[in-house]
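Input: a single structure, listed below in structure tokens.
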Amino acid sequence: MEYYEDKKKELRELISKKNSVDKTLAALEEKIYKLEGAYLEDTAQGGNIIRGFDGFLKGSSYKKRADYTDNDRLFSFSSGTFLKFLHKNEFCDDSDTSTTQKKKKRRKTDGDSSGSSKDLP
Numbered sequence: 001m002e003y004y005e006d007k008k009k010e011l012r013e014l015i016s017k018k019n020s021v022d023k024t025l026a027a028l029e030e031k032i033y034k035l036e037g038a039y040l041e042d043t044a045q046g047g048n049i050i051r052g053f054d055g056f057l058k059g060s061s062y063k064k065r066a067d068y069t070d071n072d073r074l075f076s077f078s079s080g081t082f083l084k085f086l087h088k089n090e091f092c093d094d095s096d097t098s099t100t101q102k103k104k105k106r107r108k109t110d111g112d113s114s115g116s117s118k119d120l121p
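Quick note on full-length UniProt numbering: the sequence shown kicks off at 1 and runs consecutively.
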């Protein structure tokens, strides 16, 4: 009976550690998402590592500001757990969520054996 109690206690400790790690991961993913958004906003006019530096090369006469989309979020969406976290906590507005849902649908379509690529942009 003592062995059972020891294992039960060990399991509780491990679950507690896992929950702590999950919270830390979620906080890091949220921070990356927000920093990435700030970077994309700040560099939308001049250029950035995602879209290139054409705006920077065109100089001040190029005033069009290109808004970023979910497709520009290279770092946030490279995480396997981030989309689940994003959907659960809804850190983005409705347009971002709909784009995220479209991505999920597209991924499911890509995984089908039908080979249809009509849903792809």
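Just so it is clear, CB atoms sit at the ideal spot from N, CA and C, and this is done for glycine as well. Here the structure is a predicted model, which is why all the values come from computation and not from measurement.
query, result
"Skipping 5 residues on each side, what residues in its chain have a beta carbon closer than 6 Å to that of R51?", "none"
"Measure the C-alpha to C-alpha separation of L40 and F75 and round it to an integer number of angstroms.", "11 Å"
"Got a sec, what are the start and stop residues for the alpha helix (DSSP H) N79 sits in?", "Just to set this straight, residue 79 is Ser in the shown sequence, not Asn. Note, S79: premise wrong, no alpha helix (DSSP H); not H, not E."
"If the criterion is Cβ atoms closer than 8 Å, does the pair residue 130 and D22 meet it?", "Residue numbering for the chain in the displayed model covers 1 to 121; residue 130 lies beyond these limits and cannot be assessed."
"Output the residue ranges of the alpha helix (DSSP H) runs that lie fully inside the stretch 5 to 63 and measure 4 residues or longer, sorted by chain position.", "54 to 58"
"For F82 and E29, which I take to be in contact (beta-carbon distance under 8 Å), what is that distance rounded to the nearest angstrom?", "5 Å"
"In three-state DSSP terms, what is D67?", "coil"
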